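Inspection log for the structure reproduced underneath, given as structure tokens.
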Amino acid sequence: MMTMIMAIAAMLSAPAATTILPGTWANPSKSVHVAFKPCGKAMCGTIIWANDKAKADAKRGGTSKLIGAVLFEDFVADGKARWRGAVFIADIGQRVSGTITQQNPRTIIGEGCLIAGLGCKSQRWSRIK
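Structure representation (structure tokens):
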């Protein structure tokens, strides 16, 4: 019985998922760094650094200024470790619906879908700060 009480107490005292997400995250190739922070009642991720190739790819897609672009916009909780919002795909210049799922304190999976759950792509992002 004491073990069960301790387990329940640990779950209740664990930080909410929204306290883990803020910080700086890198995409799989480490070519883009995004800073997540609150934007109103939601979370947003703004590009704070990108390598030259990422900037060139974005420019070809019609995004002239990659640094400062909001990549993840208006993400709100949609479950314990999941958020839903809009994802900006800079190399095609489009904003699509997307989700972020927290795998652990150092890993998130970002997914964006072009049309109604079709044409979806996902990326594993790693916390760097």
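Using the working numbering, read the sequence shown as starting at 20 and increasing by one per residue.
A virtual CB, placed ideally from N, CA and C, is assigned to each residue, including glycine.
Quick caveat: nothing in here was measured; it's all calculated off a predicted structure.
Grab me the residues of Ser-32's own chain with a C-beta within less than 7 Å of its C-beta, minus the 5 sequence neighbours each way, in chain order. Unreliable positioning characterises Ser-32 in this predicted model, as indicated by a pLDDT of 34, which lies under 50. A coordinate reading is not provided.
Classification of Ala-26 by the beta-carbon crowding that lies within 10 angstroms, buried from 16 upward: Bear in mind that the predicted position of Ala-26 carries a pLDDT of just 33, short of 50, making it unreliable; the figure below should be weighed with that in mind. Exposed, by the Cβ-count rule.
With DSSP as the reference, label Ala-61 as helix, strand or coil. strand
Tell me whether the segment 95-105 and the segment 56-67 touch, counting them as touching only if at least three CB pairs, one residue from each stretch, are closer than 8 Å. yes
Over the uninterrupted alpha helix (DSSP H) stretch that includes Ala-77, give me the two end residues. 71-79
Is it true that the CB of Val-53 sits closer than 7 Å to the CB of Leu-90? yes
For Thr-126 and Ala-109, believed in contact at Cβ under 8 Å, the rounded distance: No, Ala-109 and Thr-126 are not in contact; Cβ-Cβ is about 22 Å, not under 8 Å.
Which term fits Thr-22, buried or exposed, when burial requires 16 or more other beta carbons within 10 angstroms of its beta carbon? Bear in mind that a pLDDT of 34 at Thr-22, under 50, signals an unreliable position, so the model cannot answer this.
Where do the N-terminal and C-terminal ends of the beta strand (DSSP E) with Gly-131 fall, by residue? 126-134
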